[in-house]
Amino acid sequence: MSGKSIDQQLIFELSRPGRRASAQAPKALPQQALANIPATLRRKQKPGLPEVSELQVVRHYTNLSTRNFAIDKQFYPLGSCTMKYNPRGANRAAMLPGFLGRHPLAPESHSQGFLACMYELQEFLKDVTGMQGVSLTPMAGAQGEFAGVAMIRAYHEARQDDGRTEILIPEAAHGTNPATAVMCGYKVREVPVNRDGDVDLEALKAACGPQTAGLMMTNPSTCGVFERQIDAIAKTVHGAGGLLYYDGANLNAILGKVRPGDMGFDVIHMNLHKTFATPHGGGGPGSGPVGVSERLKPFLPTPIVGKDGEQYRWLDTDDLPQSIGHLSAFMGNAGVLLRAYFYARVLGREGMIRVGEYSTLAANYLLKRLQAIGCTAAYPERRASHEFLLTFASEARELGVTAMDIAKRLLDYNQHAPTTYFPLLVPECFLIEPTETETKETLDEFIDAMEKILAEARENPEMLKGAPYTQPVRRLDDVKAARELDLVWKAPR
Amino acid sequence: MSGKSIDQQLIFELSRPGRRASAQAPKALPQQALANIPATLRRKQKPGLPEVSELQVVRHYTNLSTRNFAIDKQFYPLGSCTMKYNPRGANRAAMLPGFLGRHPLAPESHSQGFLACMYELQEFLKDVTGMQGVSLTPMAGAQGEFAGVAMIRAYHEARQDDGRTEILIPEAAHGTNPATAVMCGYKVREVPVNRDGDVDLEALKAACGPQTAGLMMTNPSTCGVFERQIDAIAKTVHGAGGLLYYDGANLNAILGKVRPGDMGFDVIHMNLHKTFATPHGGGGPGSGPVGVSERLKPFLPTPIVGKDGEQYRWLDTDDLPQSIGHLSAFMGNAGVLLRAYFYARVLGREGMIRVGEYSTLAANYLLKRLQAIGCTAAYPERRASHEFLLTFASEARELGVTAMDIAKRLLDYNQHAPTTYFPLLVPECFLIEPTETETKETLDEFIDAMEKILAEARENPEMLKGAPYTQPVRRLDDVKAARELDLVWKAPR
Amino acid sequence: MPYIPHTEDDVQAMLAAIGADSIEDLFDEIPAHLKAGQLKALPEGLSEMEATALMAARARQDAGALCFIGAGAYEHHIPAAVWEIATRGEFYTAYTPYQAEASQGTLQTIYEYQTLMARLTGMDASNASVYDGASGLSEAVLMALRANRKSKSRRVLVPRSVNPRYRQATDAICSNQDVELVEVVFDAASGLTTPAALAAHAGDDFAALVIQQPNFFGGLEDVHALTDWAHANNMLVIAVVNPTSLALLTPPGEWGEQGADIVVGEGQPLGVPLSSGGPYFGFMCCRQQYIRQMPGRIIGRTVDLEGKPGFTLTLQAREQHIRRSKATSNICTNQGLAMTAATIYASLLGPDGLEAVAAHCHANTRTLVAKLTAIDGVSEVFSAPVFHEAVLRLPRPAAEVLAALAEKNILGGYDLGRDYPELADCVLVCATETRVESDLQAYAKALQEVLA
Amino acid sequence: MPYIPHTEDDVQAMLAAIGADSIEDLFDEIPAHLKAGQLKALPEGLSEMEATALMAARARQDAGALCFIGAGAYEHHIPAAVWEIATRGEFYTAYTPYQAEASQGTLQTIYEYQTLMARLTGMDASNASVYDGASGLSEAVLMALRANRKSKSRRVLVPRSVNPRYRQATDAICSNQDVELVEVVFDAASGLTTPAALAAHAGDDFAALVIQQPNFFGGLEDVHALTDWAHANNMLVIAVVNPTSLALLTPPGEWGEQGADIVVGEGQPLGVPLSSGGPYFGFMCCRQQYIRQMPGRIIGRTVDLEGKPGFTLTLQAREQHIRRSKATSNICTNQGLAMTAATIYASLLGPDGLEAVAAHCHANTRTLVAKLTAIDGVSEVFSAPVFHEAVLRLPRPAAEVLAALAEKNILGGYDLGRDYPELADCVLVCATETRVESDLQAYAKALQEVLA
Ligand SMILES: Cc1ncc(COP(=O)(O)O)c(C=O)c1O
Ligand SMILES: Cc1ncc(COP(=O)(O)O)c(C=O)c1O
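Chains as they are written, first to last, in UniProt numbering: chain A, 1 to 493; chain B, 1 to 493; chain C, 1 to 452; chain D, 1 to 452.
So, in structure tokens, the structure goes:
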């Protein structure tokens, strides 16, 4: 009785030779207009773009979009990702024609409006992080990390402190941290984490030495708890001559409450697409500005916005000769930064502080209620930060139901699954981050869904293995995807 | 295994006292600011608007929207409705801040850009319809009809031709035609339609007389065929001293091919939300400009855009003392008119003509193919215009399957149903209008769906009675809706 | 071929299936002499890029002035979410929800809208919108004629303080059915409709009295007294109200002893841009007993085959597509999308937000009036308290002063001389919550210069 | 509390469930001395209305100039449908598609994008985007070092005619891993990288040669000869290309005998607004044999439990979240939404449409060059054929002339003196399909005045 299943063809399958969305193309020019271009450099066959009508394109991508979960439609408690409401006002402001039309190389005389926003954003970010300098250029968290670690390297090099070849990273850290260290030419040494989620301080002390360039960590950590020994850690690393890097992915937890600068961090990146509520766009773009303490200021990536009297201007490598330089062609993800600027202006001083408070409230509430219905906390003795870890190790052992099964089943309850299997040190885990923008009722619905699923796990574990049942596709075969690579569509003959 | 069914609460059910989308409200003022307003005129209780967060609103209406069929998602062959592609470019152009921000009473000095668009649109509409004057003010087809018939009345009155009390209307006509005639103070006399869809000319002749104010008709008619006796009809009505009104809802069929003015019509309304591809918005807004022959020009509704040298200006009742006047507070649905203007500019001279051609091609193709799979055409001897009529009278008789059952079942095949049970004179009918913007493949999918449904009707008629099965709700109880009126939500106690 | 997808192959295949040689053949039933020649006024087609550039240039031409005109259309802040959601394809490109099962999104939105408007106005029911406030008044008048069983008259009392554009449109529409609008003068001091003015009509047979609150001059009528007087004289009360003001003011359902009978108004202030005058939407509410006389679409909640709640068009026997010449109105297409936007807007504002908007409008207008009347020769004309508009007398003809202000890019208000000869030196000014202190100052400065 | 929904009741109920007395209690694990005081730089919060007004005023400040700057970012017509669809909440507010079953929309879009880019560049595979063209080149260099088994060197040959910003970023990024970029001079007459210049490096061990087509000066390199030379010298070829130009020009997959090995470039011209430099997206394609060395996300088509086709992240063992320090790159968040827009853009343009865009860009730039070089003292510097940019020599320092033009609201091009001291009196100009005849004339007129 299901009628037609609305299978989604590829845009290429809709293509017909000679069809076109004519309103979009300028009138064809005579080949004469191209006479200047040598024939040997001309392409011989038209590129195989789809030949479709405008309505087909609109309908295809509108329908495709409906096959996504999204904040605008569902609760999306992905730990470490801060999936909060993305204000529509920020989108409108950033899409103003004056902003969209500005060429990145427009002269400063024609950029004062834009530069004013960027300058103020730099100041705001210094304020909320307690750092002394900020560069907005990194295009995502990982590029911010890169900038940060590259600055650590530049700092040591500038002091001719050459033996520092290692970056220390707690084992709970996000994958970008070790990958970044390697991209910056460092070796990575992982530091173990205690049973209660804090760094193993003795192990850290043992690992520190003259080879230590720095430590990358986030606080609260990706274990979802605040690292209580932060003072001791800072002392240890600084004592060994290393610098302290703060991965700002978890800044939402402490926004306005605790400032990384005050905790002793020398350099920090922020994920504006998390803490500052800019959208994730199905994978990006983001924005990962870096903030630094006084001693790293000379090394900030360029360009930066400066102010001479009432005029804003770009500071580039001429002004900052020790800068690690440009990490992209222009100045970063300006459109994302404008959204973050809007957000900061609307929240203001008071609003910033509330972010940390209410995201922490939501996480602790959710944790306690989930524990009450039988979920196992990874760190039951600890306060949750803005997120927390559950482990389904016992369900896996006793019922054969994995965290993945539960995650997939949640989709059937119209809830996006939390982050699964991260951090790696906690088996069968969920990292859950509800954010401050979700109502208590929404949290309660998630709790209800989890309660039902736990019951299903006991009564009918096999059923969970088949989940999801209500999505456009059933569970997908990842192994086949990797083994029989199909990355590009080829027309069947 | 369905997990949670995503039932949609009402926005009012999401409300919690004291919750607010704070970014949207200005700061509260002290009551002192309102001291001027007498207490007896102040409301005692806050209005019961929902108290919800911004994310809740965004999520609620985003999710609600997904419970709609729409051109942007589905084929939507509603006869008489011209559900063609609504260009996104038109939306962007009409939503330019300069247009959105213009106050309707802004002086002409600050309106030249807007007025230029409107003036040109008037000229374009005259051109494609063959009329001598146009007013853009009517806000939908029915208001255009009103304006048209009111002009007919004003014309007769101006000539002191007082005995004309009747409007003639072919029985196939749209409901707005007789309703309009009555709103204009006329009696309605219906004229029968022949077996082949043309007006019964003898009956028309018999009905015409000194009491005849005019005839309202559309050509092609709502039977989906071109009225071949149009010359004779015009002669008959004009001969009796009546005027000829053209319901432009079907203009798409003949756009650029045949002009109502050339067929002898004195007055016409156009549905820009059909022929000129402006969106329907789930019920509106539309726009129903009227065009008139020379003798009706003095009566056009105001305001109209005129041109003095290079300056555009409003012509109002001062300029047009015989005008039937204003039908709304300002100048009509400006935003819809701007979309239509954009469409006309993109289509241009050639494009206009193609509309009639390709919509007619699509309809005739669909008709022939549907006949081939066993559908019964209401007028098998006739060419289809841009739309055509099928009748399922034999299915109803033999299988107990009605046009409504088939319509509902089509939804399961992800096809919007055609118009059903209109016009009333053909039993168990579908009025099908594919438009020029749908691909042949889309038409073929519709044909496939119809073929499957006809097979289902033979094999399992009961199943069709239960359709649809795949929508957010099953078939709804209209009788209960009318009998136990529930028009406004009341909080359960 | 913009927006037409057919390839040459498609056309040939389709013609073959039809059994025709050419597209032209499909028009063979049309008498040859009727076929059109070339179109003349229409220029060659443009690309989207060209058409957009053209319209962007024109839009820019009209932008940039500081506007203090109200007079029935009001600039308010519109949350970005409103139109980003309303223009989603699913709302924007759907038709009237005739197939209820495939239109639950639109239908539920309308049901929510009906609830919202009923609550805002204090009435029992609402339809799904009419064209605008002015044409809405004409529908209300016709509805009152049908609904008022106690009156045989085709006359309706309409104060002169009611928006003249509403009166003109209502007259243009209703006079076709021989309805007569009888004027009531306003008090020259207060600008209000007074019991004294009404007394002249006591005992006469009128189907209804129209009461606008705030009235066209921005003034607050004594709606309680007017309502009770009308009911005492067997008239229905048609309220014309501004929805923003209802966050502060007594809802028509609570006017006087019994409340108004029919409520209409312009919905534009609820999240709809000024946009040169449309699309806006007229709202229309009434008491339970008159529902069957109400024109326009109405949505009801019901259940499906499985007992699950759902929404559908109801009371269709009032409508033209069912009742044809016996329908309550000819309205078919309404202003659905604007109404959808209003529903989203009202949900985002909520009761406190809408009240704050109303309060800021009131306060800004009071401040503006204070600033302008501080200028020599400028005075406030009427004594009545106002909501967010006020009438100022100028030392020179309003048209002249407004033209001079426009040259300074200030649209200084509405020239009342257009409709009230006795107020030819008066402007109606408005400052909503979108105007900031420096805007008000700019106006005062410009006016000072113009009058100097 | 903007964007925070909790009522006082909610807070109390939640605290009760937690067993805490206040929100502050929840921070009791944080050492007291670390708690922040008041924020200082941040002003009080604004409403959406206020923040929007502020930003609208700033956006207006920067608008209105006529722009002839290219230099890596190009103004093209962007169909309205592109961003109206890309900003639908479902695309705009989704995360990286980690839960494949709930992300088929994004995943299929990426698969289509990969197909598109592979076809446009003539390569076998594409990833789902990197940050931008410049950082993309750095990834390509690192990838080439991993992929080129025949080379042991950490050196890469990079012509000076390659975008200097790309060279700078690549250097800033790769130098941390001791990679050395070795410059190749360009021919002063043609502005191209010539075999003669390369000959100096023949036989040396380099991991790769970078070839930009068109090069930074807009000139068309002899990509076939360069590619073959590199391959003959055991280097991989990294192509840096403009996607619009590929509608006209030989795709890198067909350069020389074997084609390029890795292709990167700035995706911005495909439907992404100038927007002050971002978000854009870098595209990255490669030959089949190097896929496992490619950084970034890659989507594969597979089947579900029932055998139905579907899409999922694949080859994740290259990525940081799986392989951590052994990953091909640290990239995680990419430029997904811009890539989505590009996919929609390319579908709307199609092969003919994109070719028409490219042809108009070329023709407009040629016309502009003709008009400008008609002015005394202005000449074209290089002899090579160009795509849609060209270098002009001015009779005065470029910086000075550009500043004077800017005062006339004309942004006259890119000052090449910023990167090439020998070209201090030269500008790089660009006129895409968005520039009309009157724009070109306006530029010529202004330049004439400035130079007079
Ligand atoms: C803890 C942590 N660090 C770093 C990152 C990397 O940020 P991005 O994805 O913006 O590159 C993430 C993002 O998921 C994260 O969760
Ligand atoms: C034949 C015909 N006439 C008139 C109308 C009325 O137009 P509108 O709905 O714009 O008032 C319609 C609309 O459905 C129609 O199909």
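Note that beta-carbon positions come from the ideal geometry of N, C-alpha and C, so glycine has one too.
Check TYR76(A) in the structure and name its three-state DSSP category.
Looking up residue 76(A) in the first sequence gives position 76. Three-state DSSP puts TYR76(A) in coil, outside helix and strand.
At a cut-off of 6 Å, would you count GLY291(B) as near ligand 2, judging by its Cβ distance to the nearest heavy atom?
Along the second sequence, one-based indexing puts residue 291(B) at 291. Every heavy atom of ligand 2 is 6 Å or more from the Cβ of GLY291(B), so no.
Which residues in the same chain as ARG339(A) place their Cβ atom closer than 6 Å to its Cβ, once the five residues preceding and following it in sequence are excluded?
As a first step, residue 339(A) must be located in the first sequence, where it is residue number 339. Contacts found: ALA90, ALA94, THR278.
GLY141(B) and GLY288(B) closer than 7 Å at C-beta
On the second sequence, position 141 is the one that residue 141(B) refers to. On the second sequence, position 288 is the one that residue 288(B) refers to. Closer than 7 Å, so yes.
Of all the CB atoms in chain C, is at least one closer than 7 Å to the CB of HIS201(D)?
Position 201 of the fourth sequence, counting from 1, holds the residue named residue 201(D). Chain C contact via Cβ: absent.
I'd like to know whether the C-beta of ARG59(B) is nearer than 7 Å to at least one C-beta of chain A.
Reading the second sequence from its first residue, position 59 is the one you call residue 59(B). Closer than 7 Å: yes.
Please confirm if ASP72(A) has its CB atom under 7 Å from at least one CB of chain B.
Locating residue 72(A) in the first sequence gives position 72, where the first residue counts as 1. So yes, ASP72(A) belongs to the interface.
For LEU390(A), which residues from the same chain have a beta carbon less than 7 Å from its beta carbon, with the 5 sequence-adjacent residues on both sides left out?
For the purposes of this step, residue 390(A) is taken as residue 390 along the first sequence, with counting starting at 1. Cβ neighbours of LEU390(A) beyond the five flanking positions: LEU370, CYS375, THR376, ALA377, ALA378, CYS429, PHE430, ILE432.
Is ALA13(C) a contact residue of ligand 1, with contact defined as CB to any heavy atom under 6 Å?
Reading the third sequence from its first residue, position 13 is the one you call residue 13(C). Answer for ALA13(C): no, Cβ out of range of ligand 1.
Output the distance between the C-alpha atoms of SER15(B) and PRO351(C), rounded to the nearest integer angstrom.
Within the second sequence, the letter at position 15 stands for residue 15(B). Within the third sequence, the letter at position 351 stands for residue 351(C). C-alpha separation (whole angstroms): 11 Å.
The alpha helix (DSSP H) with SER394(B) in it runs from where to where?
Position 394 of the second sequence, counted from the start, is the residue given in the question as residue 394(B). Run containing SER394(B): 393-399, per the alpha helix (DSSP H) assignment.
What do you reckon, are the CB atoms on PHE91(C) and SER111(B) nearer than 7 Å?
The sequence position of residue 91(C) within the third sequence is 91, counting from 1. The sequence position of residue 111(B) within the second sequence is 111, counting from 1. Contact: no.
Taking the alpha carbon of MET404(A) as the reference point, which residue from ALA363(A), ALA70(A), ILE353(A), PRO461(A) has its own alpha carbon closest?
Walking along the first sequence from the start, residue 404(A) turns up at place 404. Per the Cα distances, PRO461(A).
According to the Cβ coordinates, are LEU487(B) and GLN293(C) closer than 7 Å?
To locate residue 487(B), count along the second sequence from 1; it is residue 487. To locate residue 293(C), count along the third sequence from 1; it is residue 293. Cβ atoms of LEU487(B) and GLN293(C): not closer than 7 Å.
Please list the residues of the stretch 157-179 of chain C that have a C-beta atom closer than 8 Å to any C-beta atom in chain B, keeping them in chain order.
ASN163, ARG165, TYR166, GLN168, ALA169, ASP171, ALA172, ILE173, ASN176, GLN177, ASP178
When the Cα atoms are used, what is the spatial distance from LEU296(B) to VAL267(B)?
Numbered from 1 along the second sequence, position 296 holds the residue referred to as residue 296(B). Numbered from 1 along the second sequence, position 267 holds the residue referred to as residue 267(B). In a straight line, the C-alpha of LEU296(B) is about 8 Å away from that of VAL267(B).
Beta-carbon proximity of PHE276(A) to TYR343(A), cut-off 7 Å
As a position in the first sequence, residue 276(A) is number 276, starting the count at 1. As a position in the first sequence, residue 343(A) is number 343, starting the count at 1. Yes.
Output yes or no for whether 7 Å exceeds the beta carbon distance between THR129(A) and PRO260(A).
One-based indexing of the first sequence puts residue 129(A) at position 129. One-based indexing of the first sequence puts residue 260(A) at position 260. Result yes, Cβ atoms of THR129(A) and PRO260(A) sit closer than 7 Å.
With distances taken between CB atoms, is the gap from PRO285(A) to GLN335(D) smaller than 7 Å?
Numbered from 1 along the first sequence, position 285 holds the residue referred to as residue 285(A). Numbered from 1 along the fourth sequence, position 335 holds the residue referred to as residue 335(D). Yes, Cβ-Cβ distance for PRO285(A) and GLN335(D) is below 7 Å.
Of all the residues that make up the stretch 84-100 of chain D, which are near chain A by a beta-carbon distance shorter than 7 Å?
ILE85, THR87, ARG88, GLY89, GLU90, PHE91, TYR92, THR93, ALA94, TYR95, THR96, PRO97, GLN99, ALA100
Let me see if you follow: with CB-CB separation under 7 Å, is ALA396(A) close to chain G or not?
In the structure shown, chain G does not exist; the protein chains are A, B, C and D.
Is there a C-beta anywhere in chain D that falls below 7 Å from the one on ALA23(B)?
The residue you call residue 23(B) lines up with position 23 of the second sequence. Yes, its Cβ sits closer than 7 Å to a Cβ of chain D.
9 Å Cβ cut-off: residues of chain A touching PRO5(C)
Counting from 1 along the third sequence, the entry for residue 5(C) is found at position 5. Correct list: ARG16, ARG19, ARG20, ALA21, VAL52, SER53, GLU54, LEU55, GLN56.
Does the CB of ASP324(B) have a neighbour CB from chain C at under 7 Å?
Taking the first residue of the second sequence as position 1, residue 324(B) is located at position 324. Going by the sequence as given, residue 324(B) is Ile instead of Asp. Answer yes: the Cβ-Cβ gap between ILE324(B) and chain C drops below 7 Å somewhere.
If distances are taken between C-alpha atoms only, which option among GLN168(D), GLU266(D), GLU422(D) comes closest to PRO214(D)?
Residue numbering aside, residue 214(D) sits at position 214 when the fourth sequence is read from its first letter. Nearest option by C-alpha distance: GLU266(D).
For GLY79(B), I'd like the list of residues in its chain whose CB is within less than 6 Å of its CB, leaving aside the five on either flank, ordered along the chain.
Here residue 79(B) is taken as the residue at index 79 of the second sequence, counted from 1. Cβ within range, chain order: GLU387, PRO418, THR419, LEU431, ILE432, GLU433.
Does at least one heavy atom of ligand 2 sit under 6 Å from the Cβ of ASN271(B)?
As a working note, residue 271(B) is residue 271 in the second sequence. Correct: ASN271(B) has its Cβ closer than 6 Å to ligand 2.
Chain-ordered chain D contacts of VAL336(A) [CB-CB under 9 Å]
Numbered from its first residue, the first sequence carries residue 336(A) at position 336. Under the 9 Å cutoff, chain D gives GLY278, PRO279.
Over the uninterrupted alpha helix (DSSP H) stretch that includes ARG313(A), give me the two end residues.
The residue you call residue 313(A) lines up with position 313 of the first sequence. That residue, ARG313(A), is in no alpha helix (DSSP H); its beta strand (DSSP E) goes 311-315.
Mark TYR443(D) as exposed unless 16 or more other C-beta atoms lie within 10 angstroms of its C-beta, in which case mark it buried.
For this step, residue 443(D) is matched to residue 443 along the fourth sequence. Buried: at least 16 other Cβ atoms inside 10 Å.
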